[in-house]
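Q: Numbering (the numbering used here), first residue to last: 3 to 140.
Each residue gets a CB set at the ideal place from its N, CA and C atoms; glycine is no exception.
Sharing a structure here in structure tokens format.
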């Protein structure tokens, strides 16, 4: 499965702490005047809020949510309604809103590239911690 995330944890709210973490880093980049560079060349997009503004797969246009996984050729986005969508990078344009700014990323420019969450092990540890916290809340 998705980086070892159990099926019952594939919910939008489960990934909100990851989004908060990503936003802290994005805001810092914005203050330094390097937000576009952070998004296009940053180490991670996991947790980023994204909107598909253009795609050769018309059904993907308008999909909005959080990036929860990335492969060389796709982003997996979970919507607030807990739907996972695998969106091809090739032929797509993505919008990343950060506070009062929006950065657009041409999917073709990052096709064949995977931005890692420092390492897969760190991502799995983060998600396992989230799962443990959610089980305590239940």
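Is the Cβ-Cβ distance between residue 51 and residue 105 less than 8 Å?
A: On the chain shown, residue 51 is found 49 positions in, with the first residue counted as 1. On the chain shown, residue 105 is found 103 positions in, with the first residue counted as 1. Taking 8 Å as the Cβ cut-off, residue 51 and residue 105 do not qualify as a contacting pair.
Q: Evaluate residue 72 with the Cβ neighbour count: other Cβ atoms within 10 Å of its Cβ, from every protein chain shown; 16 or more gives buried, anything less gives exposed.
A: Your numbering for residue 72 matches position 70 in the chain shown. Residue 72 should be labelled buried.
Q: State the Cα-Cα distance for the pair residue 15 and residue 49, rounded to the nearest angstrom.
A: Taking the chain shown and counting its residues from 1, the one referred to as residue 15 is at position 13. Taking the chain shown and counting its residues from 1, the one referred to as residue 49 is at position 47. For residue 15 and residue 49, the distance between alpha carbons rounds to 11 Å.
Q: Rounding to the nearest angstrom, what Cα-Cα distance links residue 30 and residue 103 in this structure?
A: What you label residue 30 is simply residue 28 of the chain shown in a count that begins at 1. What you label residue 103 is simply residue 101 of the chain shown in a count that begins at 1. When rounded, the distance between both Cα atoms is 13 Å.
Q: Among the residues of its own chain, which have a CB less than 8 Å from the CB of residue 101, if the five just before and after it don't count?
A: As a working mapping, residue 101 is identified with position 99 in the chain shown. Cβ neighbours of residue 101 beyond the five flanking positions: 29 and 32.
Q: For residue 59, which of 21, 91 and 69 has the nearest alpha-carbon?
A: On the chain shown, residue 59 is found 57 positions in, with the first residue counted as 1. Nearest C-alpha to residue 59: 91.
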